Every structure is written in structure tokens, then in C-alpha cells.
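Q: The listed protein sequences derive, respectively, from chains A and B.
Note that the numbering used here has the first sequence beginning at 21, numbered continuously upward.
Note that the numbering used here has the second sequence beginning at 21, numbered continuously upward.
We treat Cβ as the ideally placed atom computed from N, Cα and C, and that holds for glycine.
The structure displayed is predicted, hence computed values, not measured ones.
Dropping the structure in here first, questions after.
Protein chains: 2
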Amino acid sequence: MAESLKQTEQQFLEYVKKMTAYNEAIGLMYWDMRTGAPKQGLEQRSEVIGMISSEVFRMSTSEEMAAYIAELSGQENLSEVTLKTLEECKKDYDRNKKIPAEEYTEYVILQSKAESIWEDAKASSDFEMFRPYLEKLVEMNKRFISYWGYEGNKYNTLLDMYEPGVTVETLDQVFHQLREKIVPLVQQISESQNKPGTSFLFKHFEKDKQRDFSLKVLEQMGYNFKAGRLDETVHPFATGLNPGDVRVTTKYDETDFRTAVFGTIHEGGHALYEQNISSGLVGTPLCTGTSMGIHESQSLFYENFVGRHFSFWKKNYELLKEYASGQFNDVSIEDFYRAINESKPSLIRIEADELTYPLHIIIRYEIEKGLFNDEINVKDLPTIWNEKYEQYLGVKPEDDGLGVLQDVHWAGGSFGYFPSYALGYMYAAQLKNSMLKDLPNYDEILEEGNLLPIKEWFTKNVHQFGKLKKPLEILNDVTGEGLNAQHLIDYLYDKYSKVYQLN
Amino acid sequence: MAESLKQTEQQFLEYVKKMTAYNEAIGLMYWDMRTGAPKQGLEQRSEVIGMISSEVFRMSTSEEMAAYIAELSGQENLSEVTLKTLEECKKDYDRNKKIPAEEYTEYVILQSKAESIWEDAKASSDFEMFRPYLEKLVEMNKRFISYWGYEGNKYNTLLDMYEPGVTVETLDQVFHQLREKIVPLVQQISESQNKPGTSFLFKHFEKDKQRDFSLKVLEQMGYNFKAGRLDETVHPFATGLNPGDVRVTTKYDETDFRTAVFGTIHEGGHALYEQNISSGLVGTPLCTGTSMGIHESQSLFYENFVGRHFSFWKKNYELLKEYASGQFNDVSIEDFYRAINESKPSLIRIEADELTYPLHIIIRYEIEKGLFNDEINVKDLPTIWNEKYEQYLGVKPEDDGLGVLQDVHWAGGSFGYFPSYALGYMYAAQLKNSMLKDLPNYDEILEEGNLLPIKEWFTKNVHQFGKLKKPLEILNDVTGEGLNAQHLIDYLYDKYSKVYQLN
Numbered sequence: 021m022a023e024s025l026k027q028t029e030q031q032f033l034e035y036v037k038k039m040t041a042y043n044e045a046i047g048l049m050y051w052d053m054r055t056g057a058p059k060q061g062l063e064q065r066s067e068v069i070g071m072i073s074s075e076v077f078r079m080s081t082s083e084e085m086a087a088y089i090a091e092l093s094g095q096e097n098l099s100e101v102t103l104k105t106l107e108e109c110k111k112d113y114d115r116n117k118k119i120p121a122e123e124y125t126e127y128v129i130l131q132s133k134a135e136s137i138w139e140d141a142k143a144s145s146d147f148e149m150f151r152p153y154l155e156k157l158v159e160m161n162k163r164f165i166s167y168w169g170y171e172g173n174k175y176n177t178l179l180d181m182y183e184p185g186v187t188v189e190t191l192d193q194v195f196h197q198l199r200e201k202i203v204p205l206v207q208q209i210s211e212s213q214n215k216p217g218t219s220f221l222f223k224h225f226e227k228d229k230q231r232d233f234s235l236k237v238l239e240q241m242g243y244n245f246k247a248g249r250l251d252e253t254v255h256p257f258a259t260g261l262n263p264g265d266v267r268v269t270t271k272y273d274e275t276d277f278r279t280a281v282f283g284t285i286h287e288g289g290h291a292l293y294e295q296n297i298s299s300g301l302v303g304t305p306l307c308t309g310t311s312m313g314i315h316e317s318q319s320l321f322y323e324n325f326v327g328r329h330f331s332f333w334k335k336n337y338e339l340l341k342e343y344a345s346g347q348f349n350d351v352s353i354e355d356f357y358r359a360i361n362e363s364k365p366s367l368i369r370i371e372a373d374e375l376t377y378p379l380h381i382i383i384r385y386e387i388e389k390g391l392f393n394d395e396i397n398v399k400d401l402p403t404i405w406n407e408k409y410e411q412y413l414g415v416k417p418e419d420d421g422l423g424v425l426q427d428v429h430w431a432g433g434s435f436g437y438f439p440s441y442a443l444g445y446m447y448a449a450q451l452k453n454s455m456l457k458d459l460p461n462y463d464e465i466l467e468e469g470n471l472l473p474i475k476e477w478f479t480k481n482v483h484q485f486g487k488l489k490k491p492l493e494i495l496n497d498v499t500g501e502g503l504n505a506q507h508l509i510d511y512l513y514d515k516y517s518k519v520y521q522l523n
Numbered sequence: 021m022a023e024s025l026k027q028t029e030q031q032f033l034e035y036v037k038k039m040t041a042y043n044e045a046i047g048l049m050y051w052d053m054r055t056g057a058p059k060q061g062l063e064q065r066s067e068v069i070g071m072i073s074s075e076v077f078r079m080s081t082s083e084e085m086a087a088y089i090a091e092l093s094g095q096e097n098l099s100e101v102t103l104k105t106l107e108e109c110k111k112d113y114d115r116n117k118k119i120p121a122e123e124y125t126e127y128v129i130l131q132s133k134a135e136s137i138w139e140d141a142k143a144s145s146d147f148e149m150f151r152p153y154l155e156k157l158v159e160m161n162k163r164f165i166s167y168w169g170y171e172g173n174k175y176n177t178l179l180d181m182y183e184p185g186v187t188v189e190t191l192d193q194v195f196h197q198l199r200e201k202i203v204p205l206v207q208q209i210s211e212s213q214n215k216p217g218t219s220f221l222f223k224h225f226e227k228d229k230q231r232d233f234s235l236k237v238l239e240q241m242g243y244n245f246k247a248g249r250l251d252e253t254v255h256p257f258a259t260g261l262n263p264g265d266v267r268v269t270t271k272y273d274e275t276d277f278r279t280a281v282f283g284t285i286h287e288g289g290h291a292l293y294e295q296n297i298s299s300g301l302v303g304t305p306l307c308t309g310t311s312m313g314i315h316e317s318q319s320l321f322y323e324n325f326v327g328r329h330f331s332f333w334k335k336n337y338e339l340l341k342e343y344a345s346g347q348f349n350d351v352s353i354e355d356f357y358r359a360i361n362e363s364k365p366s367l368i369r370i371e372a373d374e375l376t377y378p379l380h381i382i383i384r385y386e387i388e389k390g391l392f393n394d395e396i397n398v399k400d401l402p403t404i405w406n407e408k409y410e411q412y413l414g415v416k417p418e419d420d421g422l423g424v425l426q427d428v429h430w431a432g433g434s435f436g437y438f439p440s441y442a443l444g445y446m447y448a449a450q451l452k453n454s455m456l457k458d459l460p461n462y463d464e465i466l467e468e469g470n471l472l473p474i475k476e477w478f479t480k481n482v483h484q485f486g487k488l489k490k491p492l493e494i495l496n497d498v499t500g501e502g503l504n505a506q507h508l509i510d511y512l513y514d515k516y517s518k519v520y521q522l523n
């Protein structure tokens with residue numbers, strides 16, 4: 021009996037390993053598509069990706085999978101990796117099996133249609149064009165929630181897909197707190213007389229030199245080039261194919277070096293996470309970041325707490341000057357620092373700075389929550405959107421292309437995703453607070469340019485576990501508390517008071 | 021009944037499409053491994069490739085495949101694509117099923133062990149170290165032949181794997197003819213007083229400039245960059261993932277530009293073949309070159325009949341000078357042409373010129389044929405090898421590393437592969453002869469640098485068919501005759517008499 025259980029466990033792990041192998045192949049095909057695959061091969065490549073993805077989906081919902089779940093669930097003497105893998109597989113299985121097959125197919129078709137309509141609607145700022153698709157997407161997601169069930173709030177079921185354990189109850193509280201504190205700070209800054217000069221940021225900076233500097237920074241961060249590479253794409257990303265192959269991409273703007281430099285640092289933060297997951301998790305679904313939010317905490321930590329920190333530039337400003345062609349010669353490090361930390365309310369989320377960014381997310385959160393609790397209708401979204409932007413950020417979109425239509429997420433049916441971005445900021449600030457206890461010389465570490473202790477701290481406390489620990493479990497284990505917005509608020513007040521010389 | 025047959029046909033094609041999709045993913049992973057995949061991810065990547073390859077193997081020998089073969093074989097009203105696909109699948113199925121599973125596994129392990137031992141044996145010129153593995157490989161292949169059966173000559177079964185339809189009877193005749201004619205020509209050349217000067221070939225030629233020139237030449241050939249790309253590797257290759265994605269790689273030697281330029285032209289010839297296969301064959305095993313030999317005819321045609329043709333350089337020599345830094349300034353086009361067509365007996369096959377190359381192949385053919393007809397023993401290979409090199413090429417290896425151990429093929433169990441290379445030369449010369457009837461202005465085409473008519477001729481007569489036609493079928497349809505060594509002999513006599521000013 022025990023012998024046969026051991027055998028089933030082995031077979032289950034082999035089965036899962038095959039699914040992981042297929043996913044790794046798919047991951048490489050996506051990377052290739054986005055970094056230089058020949059255009060004319062893409063139609064066939066998409067078919068290949070589709071066929072292999074279908075096979076993974078089939079395996080995740082097969083009778084064989086059902087049998088493994090039935091036989092292994094509740095068994096003792098299984099390894100921790102098996103238990104957690106089983107848990108992930110069961111979650112997937114339940115989620116996928118509860119939707120009737122015809123509805124799932126209808127939904128996949130709707131998604132792809134909606135994305136293509138959304139592109140046109142955004143380009144022509146025509147919300148009415150997109151509205152029926154968005155209504156249908158919301159309606160189908162509501163039906164899915166009824167199949168899946170929910171606890172407390174219907175929207176929790178969607179949140180759980182991206183940030184397991186995080187609920188409306190928690191988010192209401194932290195987002196309220198953030199909003200109450202950030203809105204007046206943003207207000208104060210926009211009235212400040214001490215705005216930084218930024219014109220020197222936009223001078224010509226050669227692409228190859230930006231790349232060379234970015235590589236230097238990745239190296240300082242402890243990114244392992246034997247387990248990765250840096251390529252160019254339109255939309256930067258990091259992808260962990262396995263811990264020995266985690267690739268970073270970036271984008272170069274020759275009249276704004278910040279795109280590549282902060283973009284690379286951001287993606288580098290994601291990459292460090294994937295490179296340092298315990299090798300014992302390779303070949304299982306646990307071998308990736310535990311959630312969108314924790315992943316984002318790593319990228320944002322490096323982008324903001326490292327890349328936009330004064331001490332980091334004490335080490336690197338002279339180096340940057342060497343790569344640039346004279347653009348910073350007359351600029352003091354203090355002026356440079358203030359310029360790269362400029363904060364200004366804006367319309368577009370992906371262009372927002374770290375202070376205003378959470379407000380963009382809160383707006384989307386409030387809307388999504390309203391939609392799934394029947395408090396907001398899709399037809400009213402443009403009005404609600406614009407009102408909230410005016411209220412929280414003091415700006416108003418001229419048209420829906422710059423407003424409610426700006427993000428692809430809803431067109432893809434990704435409701436519940438947005439909050440992860442803001443969680444990333446809060447997690448990062450909380451982790452930083454705990455890190456300071458172990459690394460009280462944090463500023464010196466940055467000044468010396470040897471960032472390895474930071475990477476090692478994250479590997480020990482976050483990276484290595486992959487999905488073995490849930491996001492809030494990691495947070496609790498490291499910080500001794502749950503989600504707490506105060507750390508982010510303190511950081512933002514402290515930093516921006518100085519940058520804008522507020523009193 | 022007819023309805024259900026139609027259905028089975030569709031299901032069979034879907035089944036095959038899935039296998040093709042897996043192979044495309046594997047192809048991309050290999051390309052990636054050889055062009056810059058991070059080292060530390062390779063162990064896991066190999067596992068992924070192994071798992072997906074196993075799945076393809078499983079599918080090719082499954083009960084489902086057996087059922088398709090049984091149900092569809094002999095049926096009328098199937099499309100030509102289905103019929104030929106079925107034929108390919110049946111051939112694979114029979115080949116794989118006739119070997120007992122344990123023996124197959126034993127063989128795979130032996131192969132990989134033998135390759136690794138061979139590397140060491142070659143490095144230390146120690147044939148005795150490699151001998152037991154080679155003996156075992158030959159022995160197992162003999163046993164496989166007994167499982168598979170043979171017609172006429174046991175070695176035919178091995179030849180058929182690489183060049184379907186080509187037999188010992190044919191090869192004996194053409195190789196005898198080639199040997200009788202080439203050996204005295206090589207002899208005459210080595211005694212010639214009119215040897216070309218070549219020292220200017222080995223001056224410094226910047227890598228990036230070599231790349232730029234290579235791209236220009238690919239463009240002239242009609243290589244479609246929207247369906248391909250050029251990368252750098254240690255061992256150049258071309259890979260057709262699908263007709264819209266056919267990639268070329270090359271190698272740069274800054275003190276010998278010929279490596280990159282002729283290498284790119286050679287691989288470009290392979291690539292044109294794969295880019296121009298009919299789109300109706302995508303998703304089937306027919307969507308690739310019909311045989312090793314016909315593939316090689318395309319690469320060798322472009323390398324020698326285009327790239328080493330005087331008219332080609334009439335167009336391109338000035339361009340080459342622009343990319344080079346002064347290296348050819350004092351060199352007339354006539355001297356340049358003679359230099360790149362130098363012929364000299366040498367020990368190493370992959371470094372041989374087009375005149376001596378076939379002799380390297382004939383030696384290997386005679387040895388393989390002897391091995392599988394029990395006329396040669398593995399233990400005598402070094403002696404036999406060296407004797408033949410002295411007899412045909414007038415050179416004698418100092419050690420077995422430069423002799424019998426130089427090629428990886430036997431270590432990988434690829435017996436029957438070598439003849440394809442020489443067939444490529446003969447096919448190319450025969451095709452050229454037929455092409456001249458349609459394109460009598462061939463030399464002018466080269467001089468003008470618009471090589472598209474050549475590509476179009478090949479597409480019409482060779483490329484488009486993929487594996488729909490067998491190699492000798494293509495040869496017959498295009499040239500109206502079977503394999504005929506005379507065209508290659510005429511070409512070599514004509515060309516080398518001029519290059520060496522023989523009388």
C-alpha cells in the first residue's frame with residue numbers, strides 16, 4: 021500500500037514535469053516571438069503554441085489528473101513539494117472543470133475578439149464600440165464566479181487568481197488609507213514652488229551606450245548572465261523559463277534614457293526572483309513567483325528603493341556620465357536625483373511615477389469591485405472613470421482613449437489583476453522596513469555598488485520558496501505582520517518631502 | 021462509409037499536425053541552444069527537449085498511429101498529401117516497431133556514450149579507445165538490418181534512410197566513375213606550375229563587415245528576411261521551423277573571410293529550399309527537403325556554381341572590396357577568382373575543396389559498404405583508411421585524429437549518411453545542366469546580381485514539392501535521366517583546367 025502510494029506520487033510528479041516541460045517550450049516561443057522571430061512564421065508559430073497549450077490544458081483537466089488528485093489528497097507521508105504541487109493542480113482542475121466546456125470555448129473566442137476590437141476602439145477613442153464586448157466579458161465572469169463560488173465578496177474570487185489570500189476587506193482598508201494620504205501629498209506637490217528641472221533628461225543618449233550602462237547595473241544587482249541575457253523588445257518583460265534561463269528584455273528611447281535604465285532595473289528585479297528559486301522546485305508548477313504582487317514587489321523594490329535612491333547614484337552617476345555624451349556635464353547629482361524623482365499627476369497608468377501610481381490602481385480597483393457587485397454598469401464607465409481621475413489626481417482625460425480604454429487588461433478578461441501592482445508597492449515598502457533590521461547599512465551598500473547582500477536577503481526570505489509559500493505567508497514570515505499600507509505612506513512622505521522640499 | 025473515411029483522414033492529419041507542432045518547438049529550442057541560450061539553463065532545456073521528443077516518438081509508434089495506418093492504407097480517394105504523409109508515417113512506424121524496445125534503449129545509450137568517448141579518442145588520437153564502441157555500433161546496426169530486411173545489399177537499408185531509392189549498385193557505378201576521373205585530375209593539379217597565390221585571403225577582415233557583406237549576398241540570392249534571420253554559431257547550419265521561419269547561422273573568422281561568406285551562401289542554399297516549400301504541406305512531415313542529398317545539392321549549387329563562379333564576382337568583387345579594409349586593393353579579380361578556387365589534397369573532409377571532396381566521401385562509402393558486408397573489420401579501419409587516403413589523395417594522416425577519427429558520424433551511428441554529400445555534388449551538376457536549357461543566360465544572371473530566376477527555377481522544379489517527390493523522382497522529372505556522374509566530371513575538368521591553366 022505504502023509502496024503503491026510512493027509509486028503514484030512519482031507518477032504524479034512525472035506527469036506534472038511533462039506539463040512544465042511543455043510550458044517551458046511555450047515560454048521560449050513567446051520570448052522568441054517578441055525578440056525577433058521572422059514575421060512570416062508567426063501564424064504557424066501561433067498554431068504551434070495553441071496546440072501545445074491545449075495539450076497542457078487537457079492534461080490539467082484529464083481523468084488521469086482527477087485520479088491523482090483523488091488518490092493523493094489527504095494522504096500523509098507525501099513530500100512538501102508534492103503536497104503543494106497537488107494543491108496547485110487541484111485549484112487549476114477545479115477552476116477549469118467547473119466551467120462548462122462550451123462556455124469556456126465561447127469565452128476564449130470572446131477574449132480574442134474583444135482584444136482586437138479594443139485596439140480599434142482605443143485608437144479611435146470609441147468606448148461604445150468596445151462596450152458590448154466588455155459587457156459580455158463582465159457577464160461571463162460573473163457567471164464563472166457563480167460556478168466557482170465565493171467567500172464574503174464575489175470579487176474575492178477574481179482577486180484570488182492573482183493574489184491568493186488577499187480580499188476585498190483587506191484592500192478596502194489599505195486602499196482607503198493610501199488614498200487618504202496620497203491624494204493630499206500629490207496636491208501639495210502640484211502646488212509646490214520647488215519643482216525639479218528635467219529638460220536635461222531628454223537629450224540624445226546613444227542606444228548602445230544605454231545598453232552598456234544597463235548591463236553594468238544588472239551586474240551590480242547580481243543578475244546572473246550565465247543564467248540569462250538582455251534583449252530588446254517593444255514591451256519590456258522578464259521571463260523565467262527555468263532558474264538557469266531567466267531572460268530580461270528592455271526598450272531603448274534615445275531621447276529618454278530612463279525608459280531603458282529603469283525598465284532594465286525593474287525587469288532585473290523580476291529576473292532575480294526567478295533565478296533564485298530553489299532548484300528542488302524545477303519541473304513543478306511551484307517553480308515561479310508566488311503571486312503577481314510579490315513578483316511586482318521585487319521589480320519595484322529594485323526600480324525605486326535601489327534605482328531611484330540617492331545613494332545608488334552616488335555610486336553610479338559618474339559612470340552614467342561616461343556612457344552619456346555630455347548630457348549631464350552641467351548637472352549636479354542633487355539636481356539629477358530630483359529630476360528622476362519628479363512626480364506629476366498624469367492620465368496614463370504605465371507612465372505614472374511611484375507616488376501617483378497607486379491612485380491609478382485604486383481607481384481601477386473601485387471600478388472592478390463595483391462591476392462585480394452590481395453597483396456599477398459598464399455603460400457608465402467613462403463617466404465614472406473621468407470623475408475619479410479628476411477627484412484623485414486632478415486630471416481629466418480629453419477622450420476615452422486616454423481614459424477608460426487605455427489598458428488591455430479588461431479586453432483580455434483579466435479582472436482582479438490590477439490590485440497586484442499596488443500590492444507590489446506596499447509589499448516592497450514592508451520588506452524594505454524588515455530588511456533594514458538585517459542590513460542597517462543599506463545606504464552604504466548602495467553607495468558601494470555591491471548590491472549582493474540585498475539579493476541574498478531576498479533569496480533567503482522570498483526567492484527560494486517559489487510557490488511553496490503563499491504571498492501573505494511570506495509577508496508574515498518576513499515582517500511579522502499582515503498587509504500594512506503605513507510603510508509605503510511613510511516612505512513616500514519622507515522621500516517626496518525631501519525631493520520637493522516641502523515643510 | 022465514405023463519410024467515416026473522410027473523418028478518419030481528417031483525424032489522422034490532425035494527429036500528424038500535433039507531431040509537427042512538437043517538432044517545430046524542438047527545432048526552435050535547438051536553434052536557441054546554438055545561438056545564445058544561457059548555459060545554466062541547458063541541462064533543464066535538454067530534459068524538456070527529451071520529454072517532447074519522447075512524446076513524438078510515442079505518437080509515431082502508438083496504437084492510434086497503427087490504427088490510422090491500418091484504416092487508411094490502400095484506400096482510394098485520399099488526397100495526395102494524405103497518401104504521402106501516410107507513407108512517411110508507415111515507414112517510421114515499421115522502422116521503429118521492428119526493433120525490440122530494450123534494444124532500442126540500449127542503442128540510444130550506446131550512441132550517447134560512443135559520442136562522448138569518440139571526442140576523447142579523437143583528441144588523443146586513440147582509435148583503440150573508440151574501437152569497442154564502434155564495433156558494438158556496427159554490430160547493432162547489422163542486427164537492425166536483419167530486423168528491417170534488405171534488398172540486394174544489406175547496406176542499401178542504411179542508404180535508404182538518408183537517400184531513399186539510391187542503392188549500392190548505383191553508387192558503385194557513379195563513385196567508380198568519379199574516382200577514375202578525379203584522381204588523375206587531382207594528381208595533375210598537384211604537379212601544376214600554375215598554382216594560385218592565396219596569401220591575401222588571410223588578412224584581417226572585420227567581423228561586422230563580413231556580416232554586412234553576407235547579408236547582401238543572401239539578399240541577392242532571394243533569401244526572404246521576413247521569413248528568416250542570420251545569427252552566429254560555432255557550427256553553421258540552416259533550420260526550417262516552418263516555411264515562414266527558416267533561419268541561417270554562420271561563423272566568422274577574422275583572418276579568413278571565406279568561412280563566413282561561403283558558409284552563409286551554403287546555408288542560404290539550404291534555406292531557400294525550406295522557405296519555398298508549398299504552403300499546402302505545412303503541418304505534415306512532407307514540409308521539408310526530400311533527402312539529405314537533394315538538400316545538399318541546393319547548398320552546394322549556391323556555394324560553388326554561384327559563389328565560386330567568375331561571373332558572380334564580376335558583380336560582387338568591388339562590393340567585397342568596399343567591406344574589406346584594403347586587403348584586395350592590389351589583387352585583380354582574376355587572381356581573386358583563382359585563389360578562392362584553389363584545390364589541394366588534404367586530410368580533413370570538412371576543409372576539402374569541391375574537387376577533392378568527393379574522394380573523401382568515396383573512401384567512407386567503400387569502408388561502410390565493406391563493414392556491412394563483412395568484408396572489413398572495425399579493427400582494420402585505421403590501416404584501410406590511411407591506405408585509401410594515400411591512394412586517392414596522395415596524403416597520409418600522421419595520426420588517427422586526423423584520419424579515421426575525424427568525423428562524428430559513426431560515433432552517432434549514422435552509417436549510410438556520407439554518400440549524400442557526394443550525391444549533392446552530382447545532383448547539383450545535373451540540375452545545372454538542365455537549368456541552362458531554361459536559363460541559357462546563366463552567366464549574365466550572375467553578372468547582373470539578380471539571382472531570382474535561379475531561385476524561381478529551383479522553386480518550380482525542386483523546392484515546392486518538399487517530400488511529395490522522392491529524390492530520384494525529382495532528378496528524373498527535371499533532367500530526364502537518373503543519377504549521372506558525367507555532368508560533375510565535365511564541370512570539374514572544365515573549371516579546374518582553366519583555374520590551373522592545364523592543357
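Would you verify that the beta carbon of lysine 334 of chain B is, or is not, closer than 7 Å to some beta carbon of chain A?
A: Here residue 334 of chain B refers to the residue found at position 314 of the second sequence. Not closer than 7 Å to any Cβ of chain A, the Cβ of lysine 334 of chain B fails to qualify, so no.
Q: Tell me which residues share the same chain as proline 473 of chain B and place their Cβ nearer than 7 Å to its Cβ, disregarding the 5 neighbours each side in the sequence.
A: Taking the second sequence and counting its residues from 1, one reaches residue 473 of chain B at position 453. Same-chain partners within the cutoff: Leu459 and Ile465.
Q: So, alanine 359 of chain A versus threonine 218 of chain A, is the Cβ gap smaller than 7 Å?
A: For this step, residue 359 of chain A is matched to residue 339 along the first sequence. For this step, residue 218 of chain A is matched to residue 198 along the first sequence. Yes, the Cβ-Cβ distance between alanine 359 of chain A and threonine 218 of chain A is below 7 Å.
Q: Which of helix, strand or coil does DSSP assign to methionine 21 of chain B?
A: Locating residue 21 of chain B in the second sequence gives position 1, where the first residue counts as 1. Residue confidence for methionine 21 of chain B is low, a pLDDT of 49 falling below 50, so the modelled location carries little weight; the figure read from the coordinates is stated next. The answer is coil: DSSP assigns methionine 21 of chain B none of H, G, I, E or B.
Q: Could you tell me the boundaries of the alpha helix (DSSP H) in which threonine 102 of chain B lies?
A: Start at 1 with the first residue of the second sequence, and residue 102 of chain B comes out as number 82. For threonine 102 of chain B, the enclosing alpha helix (DSSP H) has its first and last residue at 100-117.
Q: Out of A:Phe220, A:Ala258, A:Val237 and A:Asn406, which has the shortest C-alpha to C-alpha gap to valine 351 of chain A?
A: Numbered from 1 along the first sequence, position 331 holds the residue referred to as residue 351 of chain A. Answer by Cα proximity: A:Phe220.
Q: Which residues in chain A sit within 8 Å of glutamate 44 of chain B, going by Cβ to Cβ distance?
A: Here residue 44 of chain B is taken as the residue at index 24 of the second sequence, counted from 1. Chain A residues near glutamate 44 of chain B: Gln64, Arg65 and Val68.
Q: Using 7 Å as the limit for Cβ to Cβ distance, is valine 281 of chain B near chain A?
A: Counted from its first residue, the second sequence places residue 281 of chain B at position 261. So no, valine 281 of chain B is outside the interface.
Q: Work out the CA separation of threonine 376 of chain A and proline 365 of chain A for me, nearest whole Å.
A: Stepping through the first sequence from its first residue, residue 365 of chain A is reached at position 345. Stepping through the first sequence from its first residue, residue 376 of chain A is reached at position 356. Answer to the nearest angstrom: the Cα atoms are 6 Å apart.
Q: For arginine 249 of chain A, which residues in chain B fall below 7 Å Cβ to Cβ?
A: Within the first sequence, the letter at position 229 stands for residue 249 of chain A. Near arginine 249 of chain A (Cβ distances below 7 Å), the residues of chain B are Gly56 and Pro58.
Q: Would you list, in chain order, the members of the stretch 252-269 of chain A that have their beta-carbon closer than 9 Å to a beta-carbon of chain B?
A: Leu261, Asn262, Pro263, Gly264, Asp265, Val266 and Arg267
Q: Which runs of the alpha helix (DSSP H), 4 residues or longer, sit entirely within the stretch 333-409 of chain A?
A: 353-360, 377-392 and 401-408
Q: From which residue to which residue does the beta strand (DSSP E) around arginine 267 of chain B run?
A: Residue 267 of chain B sits at position 247 when you count from the first residue of the second sequence. Run containing arginine 267 of chain B: 265-270, per the beta strand (DSSP E) assignment.
Q: For the alpha helix (DSSP H) that contains asparagine 161 of chain B, what are its first and last residues?
A: For the purposes of this step, residue 161 of chain B is taken as the residue at position 141 of the second sequence. Residues 147-168.
Q: Contact defined as beta carbons within less than 8 Å: I believe arginine 267 of chain B pairs with tryptophan 405 of chain B. What is the distance between those atoms, to the nearest angstrom?
A: Residue mapping note: residue 267 of chain B aligns to position 247 of the second sequence, counting from 1. Residue mapping note: residue 405 of chain B aligns to position 385 of the second sequence, counting from 1. 36 Å between Cβ atoms; not a contact.
Q: Under three-state DSSP, which class holds threonine 304 of chain B?
A: In the second sequence, residue 304 of chain B corresponds to position 284, counting from 1. Under the three-state reduction of DSSP, threonine 304 of chain B is assigned to coil, being neither helix nor strand.
Q: Using alpha carbons as the reference points, say which of B:Gln207, B:Ser434, B:Glu316 and B:Gly469 lies closest to glutamate 294 of chain B.
A: Indexing the second sequence from 1 puts residue 294 of chain B at position 274. Residue B:Glu316 is the option with its Cα nearest to glutamate 294 of chain B.
Q: Check each candidate in A:Tyr42, A:Asn397 and A:Gly313 and name the one with the smallest Cα separation from glutamate 493 of chain A.
A: Reading the first sequence from its first residue, position 473 is the one you call residue 493 of chain A. Measuring from the Cα of glutamate 493 of chain A, the nearest candidate turns out to be A:Gly313.
Q: DSSP on threonine 259 of chain B, reduced to helix/strand/coil?
A: Your numbering for residue 259 of chain B matches position 239 in the second sequence. Strand.
Q: Using a beta-carbon distance below 7 Å, is lysine 142 of chain A in contact with chain B?
A: Position 122 of the first sequence holds residue 142 of chain A. Contact with chain B is absent for lysine 142 of chain A, since none of that chain's Cβ atoms lies less than 7 Å from the residue's Cβ.
Q: With a 10 Å radius around its C-beta and 16 neighbouring C-beta atoms as the bar for buried, classify valine 543 of chain B as buried or exposed.
A: Residue coverage of chain B in this structure runs from 21 to 523, which leaves residue 543 of chain B outside it and unanswerable.
Q: Find the residues of chain B that neighbour leucine 570 of chain A, judging by a C-beta separation of less than 7 Å, and give them in chain order.
A: An answer regarding residue 570 of chain A cannot be provided, because it is not within the stretch 21 to 523 covered by chain A.
Q: Can you give the Cα-Cα distance for threonine 259 of chain B and glycine 289 of chain B, rounded to whole angstroms?
A: The residue labelled residue 259 of chain B in the question sits at position 239 within the second sequence. The residue labelled residue 289 of chain B in the question sits at position 269 within the second sequence. Near 11 Å, if we compare the C-alpha coordinates of glycine 289 of chain B and threonine 259 of chain B.
Q: Report the option in A:Glu468, A:Trp477 and A:Lys490 whose CA atom is closest to the CA atom of glutamine 240 of chain A.
A: Working through the first sequence from its first residue, we reach residue 240 of chain A at position 220. Taking only the C-alpha atoms, the option nearest glutamine 240 of chain A is A:Glu468.
Q: List the residues of chain B whose Cβ lies closer than 8 Å to the Cβ of alanine 41 of chain A, in chain order.
A: As a working note, residue 41 of chain A is residue 21 in the first sequence. The contacting residues are Glu67, Val68, Met71 and Ile72.
Q: Where does glutamate 252 of chain A fall in DSSP's three states?
A: The residue given as residue 252 of chain A occupies position 232 in the first sequence. In the structure shown, glutamate 252 of chain A sits in a strand (DSSP, three-state: E or B).
Q: What residues from chain A crowd round methionine 49 of chain B, counting only those whose CB sits closer than 7 Å?
A: Position 29 of the second sequence, counted from the start, is the residue given in the question as residue 49 of chain B. Neighbours of methionine 49 of chain B on chain A, chain order: Ala45 and Leu48.
Q: Check whether the Cβ of lysine 227 of chain A lies closer than 7 Å to any Cβ atom in chain B.
A: Working through the first sequence from its first residue, we reach residue 227 of chain A at position 207. No, its Cβ sits nowhere closer than 7 Å to a Cβ of chain B.
Q: Short of 7 Å in beta carbon distance, which residues of its chain neighbour tyrosine 42 of chain A, apart from the five on each side in sequence? Order them along the chain.
A: By 1-based counting over the first sequence, the position of residue 42 of chain A is 22. Within the same chain, tyrosine 42 of chain A has close Cβ partners Ile72, Glu75 and Val76.
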